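**Q**
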Amino acid sequence: MGSSGFRPPGYFRKISEQFRDAPRNMLQKRPEAVRSGPRDLRDYRACIMKLSMIFAAAAIPLSVGFSSDAVAQKNYGPGVTDTEIKIGQTAPYSGPLSSLSVFARIEAAYFRKINESGGINGRKITLISLDDAFSPPKTVEQTRKLVESDEVLAVVGSIGTPTNLATSKYLNSKGVPQILVLASTPKLDDPDNLPWTTTFMMSQPAETSIYAEYLLKSKPDARIAVIYQNDDLGKGNLGWFKAALGAKASTMIVREAAYDVNEPTIDSQIVALKASGADTLFHASNARFAAQSIRKAHELGWKVQHVLLSGASVIASVLRPAGLEASTGAVTAVWLKSTENPLWDDDRDVKEYRAFMKQWAPGEMMEESIFAYATAKMIVEVLKRCGDDLSRDNLLKQATNVRDLQLPAFLDGVTINISPTSRVAWRRASMARFDGTKWVLFGDIVGGPADSPASR
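Oh and the sequence shown: position 222 is 235 in the numbering used here, straight run, nothing missing.
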């Protein structure tokens with residue numbers, strides 16, 4: 014039979030029959046053995062030896078088949094069963110930034126697709142996505158509900174810089190993974206104090222350094238005005254932009270103006286910035302107010318070089334509402350492929366994305382949803398890597414051990430790298446200029462610096 018453990022058909026049946034019959038046969042023969050003297054006693058001993066061999070033969074395949082090393086052990090955290098993985102998030106379904114809820118809707122659609130094809134290792138994803146209206150106090154309330162009432166495994170892909178900052182300490186104190194959150198602040202890249210947190214957005218230091226380098230090389234005498242959101246998103250990007258400009262920041266930046274997300278318009282701020290004589294406008298703002306700024310500048314006849322954050326550069330939701338003519342010449346950093354650029358029309362990954370949107374999210378805007386699609390793919394990738402160990406500890410381990418992962422929607426060469434000591438997913442992008450219809454890439458893919466410990 015060899016050492017491979019192979020047994021011919023019927024082997025175990027024969028063993029079990031011998032095992033069943035042996036005691037009865039032995040008892041039947043035992044009186045004869047006693048009466049017959051030493052010769053029959055040898056027969057009895059032989060029977061005992063045979064019985065011992067039967068036990069040994071039966072035991073060998075059992076020990077091989079049920080080795081503790083060979084059988085994977087299931088390990089579940091809260092919200093996980095043999096059939097379900099329950100995760101949670103917050104998103105602004107209402108309020109001034111409700112357009113950002115597209116991330117949650119696309120993720121939910123992608124999870125439905127995954128569930129229809131059998132789920133992740135046989136388990137269906139249940140996403141509980143709650144409205145926080147982009148209000149940090151509401152985010153805290155809803156996050157507590159997800160953890161204490163809904164008992165989710167983790168908070169995954171929640172949206173917003175100030176909102177994720179508001180819940181980070183609570184989630185880390187509870188040992189609840191807060192992973193792949195859509196926030197750019199380096200304050201969340203803090204493994205020492207926030208070990209359960211990872212992000213899935215280009216960090217403020219990395220992105221602003223790309224813009225600063227571009228301006229220092231192409232327009233070293235630029236007079237820069239800055240419009241910024243009066244929270245961690247705007248203030249953070251402004252601060253890191255100044256740091257990247259270095260000693261020239263004080264002479265290049267000629268005026269700054271802030272706005273609150275609840276303001277209906279920022280026309281007065283743009284009028285004041287135009288009066289500064291600036292020839293470049295850096296937008297440390299979200300999509301809605303970037304569109305307002307571009308449109309108002311055009312109305313004022315202010316011919317200015319617009320520099321947009323990547324999150325405020327979508328053609329469908331920013332440039333088209335602002336006016337395509339008004340937006341022409343704007344620059345930004347790009348790390349994703351685009352459905353509005355013919356360059357990617359024959360790209361296999363873009364074709365796959367179009368097919369997904371057509372079947373699973375037909376009511377959503379194609380161009381503005383590809384980042385949400387990439388985020389959903391990343392969430393699924395991390396959950397798949399967990400296998401049957403869906404504990405919170407292992408989920409964090411898998412989320413912080415991603416190396417050189419090329420996501421289908423990302424530009425070639427922009428890879429995902431997340432480690433226990435660095436929670437920023439990527440730091441590379443290509444500059445692009447809007448030509449009136451599409452973003453046109455120029456230059457090489459460039460990378461920003463690692464986040465400074467001073468940000469922590």
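C-beta atoms are modelled at their ideal positions from N, C-alpha and C, and glycine is treated no differently.
Bear in mind that the values here come from a model prediction, so they are computed numbers and not experimental data.
1. Relative to the C-alpha of residue 149, which candidate in 125, 110 and 120 has its C-alpha closest?
2. Identify which residue in 346, 406 and 271 has its Cα closest to the Cα of residue 458.
3. Looking at the structure shown, is residue 279 part of a helix, part of a strand, or coil, going by DSSP?
4. If we ignore side chains and look at the alpha-carbon of each, how far apart do residue 160 and residue 314 end up?
5. Our contact map puts residue 100 next to residue 166 with C-beta atoms below 8 Å; I'd like the distance itself, whole angstroms only.
6. Do residue 273 and residue 250 have their CB atoms nearer than 7 Å?
7. Check the DSSP bridge columns for residue 272 and list the partner residues they point to.
8. What do you get for residue 194, buried or exposed, if any count of 16 or more other CB atoms within 10 angstroms of its CB means buried?
9. Excluding the 5 residues flanking residue 144 on each side, which residues of the same chain have their C-beta closer than 6 Å to its C-beta?
10. In terms of alpha-carbon separation, which member of 407, 433 and 431 lies closest to residue 89?
11. When burial is assigned at 16 or more other CB atoms within 10 Å of the CB, is residue 218 buried or exposed?
12. Report yes or no: do the region 323-332 and the region 364-384 share at least 3 C-beta pairs separated by less than 8 Å?
13. Can you tell me whether residue 245 is buried or exposed, with buried defined as 16 or more other CB within 10 angstroms of its CB?
14. Would you give the residue range spanned by the alpha helix (DSSP H) that residue 305 belongs to?
15. Does the separation of the CB atoms of residue 335 and residue 308 fall below 7 Å?
16. Less than 7 Å separating the beta-carbons of residue 446 and residue 344?
17. Would you kindly work out how many angstroms separate the C-alpha atoms of residue 493 and residue 171, rounded to a whole number?
18. Which partner residues does residue 137 have in the DSSP bridge list?
19. Where do the ends of the alpha helix (DSSP H) carrying residue 119 lie?
20. If you follow the alpha helix (DSSP H) that residue 372 is in, where does it begin and where does it stop?
21. In the DSSP assignment, what are the bridge partners of residue 453?
22. Mark residue 368 as exposed unless 16 or more other C-beta atoms lie within 10 angstroms of its C-beta, in which case mark it buried.
23. Looking only at DSSP bridge pairs, what is residue 297 linked to?
**A** On the basis of the supplied data:
1. 110
2. 346
3. coil
4. 51 Å
5. 6 Å
6. no
7. 242
8. buried
9. 106 and 107
10. 407
11. buried
12. yes
13. buried
14. 300-312
15. yes
16. yes
17. This structure cannot settle anything about residue 493, because the visible part of the chain is limited to 14 through 469.
18. 97
19. 115-129
20. 361-373
21. 446
22. exposed
23. 241
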